[in-house]
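First up is the structure itself, then whatever we jot down about it.
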Amino acid sequence: MIFNSNVYLYFFIIVICIYWLLLFTNAKLRYQNLFLLLASYFFYGWWDWLYLSLIFISTFLDYFISNLLDKTESEKKRKLLLSISVIGNLAILFTFKYYNFFINNFIEILNVLYQFTKLDIFLYDKNKILLNVLLPVGISFYTFQTMSYTIDVYRKIIKPEKDFLNFSLFVCFFPQLVAGPIERAQDLLPQINQKRKLTLEHIIKGIWYLLYGYYLKVGVADHLSEHVNKVFLENVHMYLSNPQLAMGNGSGHILIGGMAFAFQVYCDFAGYSNIAKGSAKFLGFELSENFHCPEFSKNPVELYNRWHITLNRWFTDYIYIPLGGNRLGELYQYRNILIVFFISGVWHGANWTFINWGILNGIYAVFYIFYRKHIKEQITYISNRFLILPEGFKTFLSIFITFLLFGFAAISFRAYNFDHSMILFKDVFTNFVIYTPGKLTPDLFTYSFDILRIILPVLILDYFRWKKDDPEWIFKTPFWVQLVNCIFIIILYYYNQWSVWKRCYLLRILKNYYFVL
2 MIFNSNVYLY FFIIVICIYW LLLFTNAKLR YQNLFLLLAS YFFYGWWDWL
52 YLSLIFISTF LDYFISNLLD KTESEKKRKL LLSISVIGNL AILFTFKYYN
102 FFINNFIEIL NVLYQFTKLD IFLYDKNKIL LNVLLPVGIS FYTFQTMSYT
152 IDVYRKIIKP EKDFLNFSLF VCFFPQLVAG PIERAQDLLP QINQKRKLTL
202 EHIIKGIWYL LYGYYLKVGV ADHLSEHVNK VFLENVHMYL SNPQLAMGNG
252 SGHILIGGMA FAFQVYCDFA GYSNIAKGSA KFLGFELSEN FHCPEFSKNP
302 VELYNRWHIT LNRWFTDYIY IPLGGNRLGE LYQYRNILIV FFISGVWHGA
352 NWTFINWGIL NGIYAVFYIF YRKHIKEQIT YISNRFLILP EGFKTFLSIF
402 ITFLLFGFAA ISFRAYNFDH SMILFKDVFT NFVIYTPGKL TPDLFTYSFD
452 ILRIILPVLI LDYFRWKKDD PEWIFKTPFW VQLVNCIFII ILYYYNQWSV
502 WKRCYLLRIL KNYYFVL
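Add 1 to a position in the sequence shown, counting from 1, and you land on the number used in this note's numbering.
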């Protein structure tokens, strides 16, 4: 079940009606949690009931391991228990998300060896050993969430949850199950264990987060994808059947398309996160902030601190710091950063394009830290002495360059395979056409304007949020301002929906007219 579907709307209305009945009749907390757990299993099982078994395995494994950790004093046994939990969770994740990727690459190596040796032992039919299964929705999110819980119990940061029902709800709480945020046990479990209250403030904030989340997902991200597809093509079959369509775009079109795609991903995931926060508000829960105006970041490091906050916090606490962080010296810090970004690329998808994206962003971070430590002071001195620029312009320039670089890396993220990404990168550096339309794109000015028209309302709202450095700034404004913003979002949402419907309707008329002729 996905958030932007009618099924979820009906499901959520039924859930809040029953849950509010339990809440306002003072039903026992255990009954409330049991109902939310069953609703969460139904939510996930709607897609495929068989994959609920994976959640059950992760839940049972980490519940029993964490409680054994609490009773075990021997450090050797504690490490063994933690290893069982981590290996078990990663084995599930590897099997369903990465097995085919590694098998495909392994077969490719064997094919190269066969070309050189002509030995039959290197001939394998990969179709016999590949898994023909779909990737379970949200597996990367709930796997990381349960792993962080067990690691925190091992570190004695938290005590293990004794109530299996409450722990099960922590693992699969439906608002954040399939797309995050990745919640920590110390943030979510206390809310599950304590009596909850539903106030008018919860309802008002829930309405705003739901409205804004749906606008970001459906009104912005889904419409941006139409323009992004003009550069990157609509699907992999379109690319594989006609690779020539991917060639010949000007560098301006590709860079703008890359930035538009980065913004599309932001609105897509931020939209889901806002819907998750809004849904949780209606249930009396508070979820973590997952995105905080990343498009206004002044440098790559700041951008990663504002982008997918709970995921980057996970990488920092469980990979970067255990590797030594910045405590072992500058070179080790750079190594640790590159390792983290490599793993981040792997986490995002089983494709070399994601790995390249992660490494490229890691290089940005390393270069910026090196620049900040060794070069920034001299550059600042020279620019202040010979090139006097207004502070506002400097800020704008740093923000634009940061997001441009992020958009450049996003080209690899959006490409269908390594060859596709190389075609695009080659055109960026060799095809300096600016005004000439591409094979599927209009001229650069029209293309840029169409994208800006879609993202401008988000930039305006995020600008105020960024200036006030407060994710909930809107709730501290007068009521009429909040009301106007809600109406504004609703109008924009339905305007975009009407535009798409009207365009599709006209296309159908033209298509029918063509066949009549």
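Glycine included, C-beta positions come from ideal geometry on N, C-alpha and C. All figures in this text were calculated on a predicted structure; none of them were measured in a lab.
Consult DSSP for residue i and reduce its assignment to one of helix, strand or coil.
i      : result
Glu296 : helix
Ile48  : Residue 48 is actually Trp in this sequence, not Ile. Coil, per DSSP.
Asn513 : Because the pLDDT at Asn513 is just 42, under 50, the model does not fix this residue reliably, and the point stays unresolved.
Trp209 : helix
His254 : helix
Arg197 : coil
Cys18  : helix
Gly249 : coil
Met2   : coil
Ile492 : helix
Ala28  : coil
Leu518 : In this prediction, Leu518 has a pLDDT of 32, which is less than 50 and means its spatial position is unreliable; nothing more can be read from the coordinates.
Ala40  : helix
Thr431 : helix
Lys503 : Below a pLDDT of 50, predicted positions are generally treated as unreliable, and Lys503, at 45, falls in that range; no measurement from the model is reported.
Thr354 : helix
Ala416 : coil
Leu508 : Any reading at Leu508 needs caution, since the residue's pLDDT is 39, under 50, leaving its predicted position unreliable; the model's value is listed next. If DSSP states are grouped into helix, strand and coil, Leu508 belongs with the helices.
Ile130 : coil
Asp470 : coil
Leu135 : coil
Less than 8 Å between the C-beta atoms of residue i and residue j, yes or no?
i      : j      : result
Ile320 : Phe342 : no
Ala261 : Val229 : yes
Tyr216 : Ile490 : yes
Thr478 : Lys231 : no
Thr60  : Ile93  : no
Leu132 : Asn101 : yes
Val179 : Val221 : no
Leu136 : Phe95  : no
His203 : Gly326 : no
Tyr213 : Tyr417 : no
Ile19  : Phe43  : no
Asn34  : Leu170 : yes
Thr147 : Asp71  : no
Leu10  : Leu199 : no
Thr354 : Phe430 : no
Arg454 : Phe233 : no
Ile257 : Tyr448 : yes
Phe480 : Trp474 : no
Leu82  : Ile66  : yes
Trp288 : Glu184 : Correcting the residue identity first, residue 288 is Leu in this sequence and not Trp. In contact: Leu288 and Glu184 (Cβ atoms closer than 8 Å).
Leu445 : Ile435 : yes
Leu324 : Ile340 : yes
Should residue i be counted as a contact of the ligand ZN given a C-beta to heavy atom distance under 7 Å?
i      : result
Asn275 : You won't find the ligand ZN in this model; it holds no ligand whatsoever.
Here's the rule I'm using: 16 or more other beta-carbon atoms within 10 Å means buried, otherwise exposed. How should residue i be labelled?
i      : result
Ala40  : buried
Phe4   : buried
Ser54  : exposed
Gln116 : exposed
Gln195 : exposed
Pro191 : exposed
Glu296 : buried
Val517 : Unreliable placement is indicated for Val517, whose pLDDT of 33 sits below 50; the coordinate value is still reported in the next sentence. Under this definition Val517 is an exposed residue.
Glu109 : exposed
Arg307 : buried
Thr311 : buried
Asn112 : exposed
Phe407 : buried
Ile338 : buried
Arg504 : Its pLDDT being 46, under 50, Arg504 is placed unreliably by the model, and the measurement read from it follows with that caveat. When all chains shown are included, Arg504 counts as exposed.
Any 3 or more C-beta pairs closer than 8 Å across the region 281 to 294 and the region 255 to 272: yes
Stretch-stretch touch, CB-based, cutoff 8 Å, three pairs: the region 397 to 417 with the region 342 to 359: yes
Every unbroken beta strand (DSSP E) within the region 155 to 194, with a cutoff of 3 residues, ordered by chain: none
Ordered list of alpha helix (DSSP H) runs contained in the region 268 to 352, each at least 4 residues: 301 to 307, 310 to 316 and 331 to 349
Given 8 Å, three or more beta-carbon pairs between the region 141 to 156 and the region 271 to 290: no
At least 3 beta-carbon pairs within less than 8 Å: the region 301 to 311 vs the region 247 to 262: no
Within the region 65 to 101, ranges of the beta strand (DSSP E) (whole runs, at least 3 residues): none
Contact between the region 458 to 470 and the region 387 to 400 (3+ Cβ pairs under 8 Å): no
Secondary structure, alpha helix (DSSP H): runs of 4+ residues fully inside the region 360 to 404: 377 to 387
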